[in-house]
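Below is one structure, written out as structure tokens; the observations come after it.
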DNA sequence: TTGAAAGCGCTAACAT
DNA sequence: ATGTTAGCGCTTTCAA
């Protein structure tokens, strides 16, 4: 673990000047083929590896993208991360991750780390920081916020339209003949913008169908599916349940199974997020899928435009898809 | 987004020399209190932020830890990451993540990125690369491998003893009076070392109880719980199932529910990994918990020792815990 | 307590 | 096609 070889060592070994080594290694065309080969051979012989801090300092660009995930274990964001990484890699950029840990302080620290490293661009998934803080970040480095609606000046946004997603899910149930559709909401008191949008989409679909009066939003107090129990005693009793996410929908399935209510014949259930849970054969949940691939690509696209000089903030809104599985059927 | 201020700017603004700024910002004691305050004021006024590439180049240490996760969505590893991050932060080190994406090539690229960045230490979770490649990495930077047994020269290891975990789970079932315990294994053909260890632990416990002959290992061919179906037709029919992971155990619960076999009264089920799934109220799965916190701390500990000069490779083996929930009970 | 100066390893503009 | 040279922004002796 002694001092690692530098370009000077490679140059000496190959019998050329330091500058030539740099040019050869970065693949510049004006180096003679034979010289290049000699240099490459010397480099690999010595186990040479570029010193990124030095190169980044001299170049005044790092080729790094910083990605702050609020929660590494959120499958949607980790998929977005994967697609973003792929797109960046194709463009010769390296993506670095940092976990915000659902904590505004840690999130800010992660951003600060990336700013110190002088990343060329920053993507923040579902940030906890306020608009002012985000705007300040956006002024220092091209920044894209994913999974939360904007706008914030000097920051780009890409998010999936939750209103449209919930509307589409509700329309699916309406098309199956359901008229009494209960919405299993997040626990009362929690008010994330996305969750508010989902309720709005549900209501909008009912109203458009002339069923605005049947809207029935039930908060999941203990976050364990207890809303289902309360939904069943409503009158008229719902024939379909739309949950704000897959976990709640699965909890509903569990409760219905214990209560002997067959799904989908006697009750249709729709989730949201299309997590792995929804695809599991024993759940087979109809759910709303957020397009992680398009999200990741859009985020990279926005970043590229910024690096290319765009100055105006942009927002990209994507439409979610409905994945129909076997937890929904016509009202009998 | 113009050129960001440097220490020279801060020095000019505060009316001191550049070197003093550096000393003041890095908190060296030999700077007069009043001078330090003036410098700090100037720095924050200008929005100064250290340029990590420059500092890292000059210092020849980065204060960075690179963490390569094989799969960001594996909850065990993401918890390990969180604890490692905390420990590192306490010691003034910054942790950077990179997703290996279950792909040896990407994993190698992630490692390479970190080596170029000149991280002070590297942690690789569940690497796909072979021992030779790992040894080569370990020779260049202090390296800890998590979640896979060693040894490999010049690399440290920390992993959770899967033999002990499966043994303990089996002993729990034996203590409840079960004698016919089927093991739901990974699909045949897959042979990860950890999975092999789990089977070994199961067998060891049975043998220690004088029941070696009743060992009954059933591969989950379609990875959807089909093993459960085949377990039920064994003779004598098992009264308990031990699954190689929680997902399989949950699949088993689903199958048993459809078959009208009550859990735990007519069948006990044990999972492995203590994922979020296991804790969900409708599953309430007894399972084996791998201590992510101790793993993260141990990894950091090993790294610290290396940075402190230790030269000999070390391996730390941790014992898993059994989390007893409501999917197991006495044989009726 | 403060300042001057020598690099850290690399890139890029320029000269040959 | 190859070599020379001047920084990049910072840390860290060493003198003052």
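Residue numbers (our numbering), protein chains in the order written: chain G, 1 to 332; chain H, 1001 to 1332.
For glycine and all other residues, C-beta sits at the position ideal for the given N, C-alpha and C.
Item                                                                                                                                          : Value
Cutoff 7 Å; reference residue 63 of chain G; Cβ partners in own chain excluding five residues on either side                                  : 92, 93, 94, 120
Straight-line gap, residue 114 of chain G to residue 253 of chain G (C-alpha atoms, nearest Å)                                                : 43 Å
Classification of residue 1221 of chain H by the beta-carbon crowding that lies within 10 angstroms, buried from 16 upward                    : exposed
Range of the contiguous alpha helix (DSSP H) that encloses residue 1318 of chain H                                                            : No alpha helix (DSSP H) holds residue 1318 of chain H; the beta strand (DSSP E) holding it covers 1315-1318.
With 16 other Cβ atoms within 10 Å as the buried cut-off, status of residue 207 of chain G                                                    : exposed
Under the three-state DSSP convention, the category residue 261 of chain G falls into                                                         : coil
Completely contained beta strand (DSSP E) runs for the segment 1136-1213 of chain H, where each covers 3 or more residues                     : 1143-1146, 1156-1160, 1181-1185
Member of G:212, G:186, G:191, G:318 whose CA lies at the smallest distance from the CA of residue 174 of chain G                             : G:212
Collapsed DSSP secondary structure at residue 1121 of chain H in the structure displayed                                                      : strand
Sequence ranges, alpha helix (DSSP H) only - wholly within the segment 1020-1070 of chain H, length at least 4                                : 1033-1046, 1052-1059
Rounded separation between residue 275 of chain G and residue 176 of chain G - CA only                                                        : 24 Å
Of the listed residues G:140, G:278, G:160, G:259, nearest to residue 250 of chain G (C-alpha basis)                                          : G:278
C-beta neighbour in chain H for residue 168 of chain G, strict 8 Å                                                                            : no
Residue 1062 of chain H at chain G interface by Cβ criterion, 8 Å                                                                             : yes
Residue closest to residue 1117 of chain H, alpha-carbon to alpha-carbon, out of H:1065, H:1021, H:1256                                       : H:1065
Own chain, CB closer than 7 Å to residue 209 of chain G, minus 5 neighbours either side, in chain order                                       : 174
Proximity below 8 Å, CB of residue 1163 of chain H to CB of residue 1197 of chain H                                                           : yes
Residue 268 of chain G (DSSP reduced to helix, strand or coil)                                                                                : strand
Residue span of the beta strand (DSSP E) that contains residue 334 of chain G, given as start and end                                         : Because chain G in this structure spans residues 1 to 332, residue 334 of chain G falls outside the shown range and cannot be described.
Limits of the beta strand (DSSP E) - the one that residue 324 of chain G falls within                                                         : Careful: residue 324 of chain G lies outside any beta strand (DSSP E) and carries neither H nor E.
Sequence-distant residues of its chain with Cβ nearer than 7 Å to residue 314 of chain G (five each side left out)                            : 156, 302
Coarse secondary structure for residue 1361 of chain H, derived from DSSP in three states                                                     : There is no way to answer for residue 1361 of chain H, as the model of chain H reaches only from 1001 to 1332.
Neighbouring residues, chain G, relative to residue 1037 of chain H (Cβ below 7 Å)                                                            : Per Cβ cutoff of 7 Å: no residues; residue 1037 of chain H is ~22 Å from chain G at best.
Distance, residue 1329 of chain H Cα to residue 266 of chain G Cα                                                                             : 33 Å
Contacts that residue 305 of chain G makes with chain H (C-beta to C-beta distance below 9 Å)                                                 : Going along chain H, no residue has its Cβ under 9 Å from residue 305 of chain G, so there is no contact; the nearest lies around 14 Å.
Pair within 8 Å by beta-carbon distance, residue 1099 of chain H and residue 1072 of chain H                                                  : yes
Near-chain H residues of the segment 66-85 of chain G - C-beta to any C-beta below 7 Å                                                        : 72, 73, 75, 78, 81, 82, 85
Identified DSSP bridge partners for residue 243 of chain G                                                                                    : G:184
Chain-order list of residues whose beta-carbon lies under 7 Å from that of residue 1112 of chain H (same chain, five-residue window excluded) : none
CB of residue 270 of chain G within 8 Å of CB of residue 242 of chain G, strictly                                                             : yes
Residue 80 of chain G: first and last residue of the uninterrupted alpha helix (DSSP H) it sits in                                            : 75-90
Span of the beta strand (DSSP E) around residue 287 of chain G                                                                                : 287-289
DSSP three-state assignment for residue 250 of chain G, whether helix, strand or coil                                                         : helix
Reference residue 16 of chain G, options G:3, G:4, G:37, G:29, closest by Cα                                                                  : G:37
Opening and closing residue of the beta strand (DSSP E) in which residue 233 of chain G lies                                                  : No beta strand (DSSP E) holds residue 233 of chain G; DSSP gives it neither H nor E.
Whole-number beta carbon distance between residue 1225 of chain H and residue 1239 of chain H, since they are thought to touch under 8 Å      : About 18 Å separates the two Cβ atoms, so there is no contact after all.
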